[in-house]
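Shown next, in structure tokens, is the structure this report addresses.
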Amino acid sequence: MSDDAAVDVSALAINVTIPEGLRWTDTRRGEEFTLTTLNVRLLPDGRLAAKAYGRPTGGGRGAYVSFPVPDRPELVALVDTAASRAGALWAAHRGLS
């Protein structure tokens, strides 16, 4: 395939571990969760969108529930740094093994 424009890429997403010092808790359906992972997506217009996921603070698996990412400068910086790092990794790919 020689024409990059003919390839329809429907999604670009990365998972990012939230460093211990940046983690927070949130409550859903009466259960408290500690947020440990971000899912960052590149939107078609070039902007980023992020959701947080985690485990119940009391233990157990719990449900796979997304939470909004607070608008804190250190979390914005984490998302930005992770997206830039992922872009560099994708640009340097060496093809299928």
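Going from the sequence shown to my numbering is simple: count from 1 and add 1102. Every residue, glycine too, gets a C-beta built ideally from N, C-alpha and C.
| said: For a test of the three-state rule: what should DSSP assign to G1123, helix, strand or coil? | reply: Here residue 1123 refers to the residue found at position 21 of the sequence shown. Shown here, G1123 sits in a helix according to DSSP, grouped into three states.
| said: My output table needs one value for D1182: the three-state DSSP class, helix, strand or coil. | reply: Along the sequence shown, read from residue 1 onward, the residue named residue 1182 stands at position 80. Residue state, collapsed to three classes: helix.
| Enumerated in chain order, which unbroken segments of the beta strand (DSSP E) with a length of 3 residues or greater are wholly contained in the segment 1114–1170? | 1115–1119, 1126–1130, 1133–1144 and 1150–1158
| L1150 beta carbon less than 8 Å from that of I1120 | Here residue 1120 refers to the residue found at position 18 when the sequence shown is read from its first residue. Here residue 1150 refers to the residue found at position 48 when the sequence shown is read from its first residue. Against a cut-off of 8 Å, the Cβ pair of L1150 and I1120 comes out as no contact.
| query | In this structure, does DSSP put P1175 in helix, strand or coil? | reply | Locating residue 1175 in the sequence shown gives position 73, counting from the first residue. Here P1175 sits in helix by DSSP.
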